[in-house]
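Student:
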Ligand code: SF4
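Residue numbers (this note's numbering): 1271 to 1702.
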């Protein structure tokens, strides 16, 4: 979501006549887009701002702007801590970045961070410069923003605001514009895409997520369609049926589990349990037996004991995820769990994370090795003189050996025979 927001801000800045430069020393404006999902991302911002202090002293006219979730979360308090900041841009204000920067030039210290309950995601159509910069193979399209779920550990409802769905016609127009530019793969993006259409206060046509998927999938020229991220509680049977129905909907779901312990899931306010999750995966595999599954895991949530962690490891053994993003729990300000008792010692969190990640790596390797000998369709993303890489429909990164003289380029679809596999990628040769 942040990468996508940076892309949108870059386009608005170019359209207002700004140019990118290659170092902070050359810049008149430094815009930092931020994430606050974990404490580490926030610490990075503070150390970057500290490193920029001498530059601001030397060039007082330089504008330093901070956008994104940390800006939203702390607003004026961030500027009090770091007075070198000239502009704070909240998550709902990125589309006005050019006007806000012009205003900050006139009046440094501007804070544009209010979350508006009736916010509408503005129309955005990527221009040719954005296409050149971001590539024309695979692109994200925002369909909703914010979240109403209030998981106990998560800042998103506070930094991105309440859930808002984008108008169907705007989404279709943006996807069509990307297809007209030659994009082959679209990923529909949002904090919780499968609750798309459930909440929107403004007029215009909305629908439920499966209907949106069907409408996007039907646009001529779309070879691959993906979406991220999904909440298990909103993964309806109708949505799962789309995987059997829509030939261009790729067989990969990222379905955050977070913990394998029912007690922890309850304290996390996730509103599903182990059995619900196992049943969902079973059903998904009935619709698409070749479905790849990835997940998110938090270890060391407050109160997580050895039995809870063993339950997470048990889910890993049962579900054998293709891949997972796993992290140590960290308190985020304003969230419910920041006030929970029984915080887990950092050392224990670190040990649990290692145990989980080591086993996940073994499983990923075993699962990847099962592809050896198979012929898979790869959408090429990178091609150079000696090698090239792309992704399978199941989203496996695949490196391709021994390019023949054939004229291939990013955006092409090729058939590859898989010859080897590691934990994080497959390797193969072009099929003759
Ligand atoms: S569903 Fe996702 S974005 Fe929403 S509160 Fe929970 S973890 Fe955060």
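Glycine included, C-beta positions come from ideal geometry on N, C-alpha and C. Predicted, not measured: the structure shown is a model, and the values here were computed from it.
With a threshold of 6 Å on Cβ separation, who are the neighbours of residue 1279 within its own chain once the five nearest residues in sequence on each side are excluded?
Tutor: Excluding sequence neighbours, residue 1279 sits near 1364, 1367.
Student: Just to confirm the assignment: which complete beta strand (DSSP E) runs, minimum length 3, are found wholly within the stretch 1627-1665?
Tutor: With a minimum length of 3 residues, the continuous beta strand (DSSP E) runs that stay inside the stretch 1627-1665 are 1645-1653, 1658-1661.
Student: Which residues, in chain order, sit with a beta-carbon under 6 Å away from any heavy atom of the ligand SF4?
Tutor: Here the list is 1417, 1419, 1420, 1421, 1424, 1426, 1427, 1461, 1462, 1501.
Student: Once the 5 residues before and after residue 1541 are set aside, which same chain residues still bring their CB inside 6 Å of it?
Tutor: Excluding positions up to five away in sequence, the list reads 1503.
Student: What would DSSP say about residue 1694, mapped onto helix, strand or coil?
Tutor: Of the three classes helix, strand and coil, the one that applies to residue 1694 here is coil, per DSSP.
Student: Is the beta carbon of residue 1581 closer than 7 Å to that of residue 1530?
Tutor: Yes, Cβ-Cβ distance for residue 1530 and residue 1581 is below 7 Å.
Student: Between residue 1649 and residue 1455, is the Cβ-Cβ spacing less than 7 Å?
Tutor: Yes, these two residues count as a Cβ contact at 7 Å.
Student: Is residue 1338 helix, strand or coil by DSSP?
Tutor: Strand.
Student: Tell me which residues share the same chain as residue 1524 and place their Cβ nearer than 6 Å to its Cβ, disregarding the 5 neighbours each side in the sequence.
Tutor: If we look at residue 1524 and ignore the five residues flanking it on each side, its Cβ neighbours are 1498, 1499, 1564.
Student: For residue 1454, which of helix, strand or coil comes out of DSSP?
Tutor: Coil at residue 1454, not helix or strand.
Student: Give me the DSSP bridge partner(s) of residue 1501.
Tutor: Partner(s): none; residue 1501 has no beta bridge.
Student: Rounded to the nearest angstrom, how far is the Cβ of residue 1411 from that of residue 1444, given a contact under 8 Å?
Tutor: Contact flag correct, Cβ pair sits at about 5 Å.
Student: Based on DSSP bridge pairs, tell me the residues matched to residue 1300.
Tutor: BP columns for residue 1300 point to 1334.
Student: Ends of the beta strand (DSSP E) at residue 1598?
Tutor: First-last of the beta strand (DSSP E) with residue 1598: 1593-1598.
Student: With distances taken between CB atoms, is the gap from residue 1622 to residue 1569 smaller than 7 Å?
Tutor: It is a contact, given that the beta carbons lie within the stated cut-off.
Student: Taking the alpha carbon of residue 1394 as the reference point, which residue from 1584, 1285, 1688 has its own alpha carbon closest?
Tutor: Among 1584, 1285, 1688, the Cα nearest to that of residue 1394 is on 1285.
Student: Could you spell out where the beta strand (DSSP E) holding residue 1410 opens and where it closes?
Tutor: Note, residue 1410: beta strand (DSSP E), 1408-1412.
Student: Relative to the C-alpha of residue 1518, which residue among 1545, 1591, 1664, 1634 is closest?
Tutor: The shortest C-alpha separation from residue 1518 is found at 1664.
Student: Among the residues of its own chain, which have a CB less than 7 Å from the CB of residue 1341, if the five just before and after it don't count?
Tutor: Correct list, in chain order: 1304, 1348, 1358, 1359, 1360, 1383.
Student: Does DSSP put residue 1699 in a helix, a strand or coil?
Tutor: If DSSP states are grouped into helix, strand and coil, residue 1699 belongs with the strands.
Student: Let's see if you can read the secondary structure: which residues bound the alpha helix (DSSP H) around residue 1313?
Tutor: Looking at the DSSP string, the run of the alpha helix (DSSP H) that includes residue 1313 is 1309-1328.
Student: Are the Cβ atoms of residue 1489 and residue 1446 separated by less than 7 Å?
Tutor: Their beta carbons are under 7 Å apart, which means residue 1489 touches residue 1446 by this criterion.
Student: Pair every Cβ in the stretch 1582-1592 with every Cβ in the stretch 1633-1653, then say whether three or more of these pairs are closer than 8 Å.
Tutor: Short answer: they touch.
Student: Assuming the contact rule is C-beta atoms closer than 8 Å, residue 1287 and residue 1425 should be a hit. Round their C-beta distance to whole Å, please.
Tutor: About 35 Å separates the two Cβ atoms, so there is no contact after all.
Student: Going by DSSP, what residue range makes up the beta strand (DSSP E) through residue 1525?
Tutor: Counting along the chain, residue 1525 falls outside any beta strand (DSSP E), and DSSP gives it neither H nor E.
Student: Please look up how many angstroms separate the CB atoms of residue 1315 and residue 1334, rounded, as I've assumed it's under 8 Å.
Tutor: The Cβ separation is near 11 Å, so there is no contact.
Student: Go through its chain and collect everything with a Cβ distance to residue 1516's Cβ below 6 Å, but skip five positions before and after it.
Tutor: Excluding positions up to five away in sequence, the list reads 1487.
Student: Taking the alpha carbon of residue 1602 as the point to measure from, which residue in 1353, 1352, 1429 has its own alpha carbon closest?
Tutor: It is 1429.
Student: Count the other C-beta atoms from every protein chain shown that fall within 10 angstroms of the C-beta of residue 1337, then say buried if there are 16 or more, exposed otherwise.
Tutor: Under this definition residue 1337 is a buried residue.
Student: To the nearest angstrom, how far is the alpha carbon of residue 1527 from that of residue 1566?
Tutor: Cα to Cα, residue 1527 sits roughly 6 Å from residue 1566.
Student: Out of 1595, 1654, 1611, which has the shortest C-alpha to C-alpha gap to residue 1627?
Tutor: Taking only the C-alpha atoms, the option nearest residue 1627 is 1595.
Student: Using the three-state DSSP reduction, which class does residue 1362 fall into: helix, strand or coil?
Tutor: It is coil, neither helix nor strand.
Student: Using only CA atoms, which one of 1392, 1343, 1659 lies nearest to residue 1381?
Tutor: When only C-alpha atoms are compared, the closest one is 1343.
Student: To the nearest angstrom, how far is it from the Cα of residue 1404 to the Cα of residue 1396?
Tutor: Rounded to the nearest angstrom, the two C-alpha atoms are 10 Å apart.
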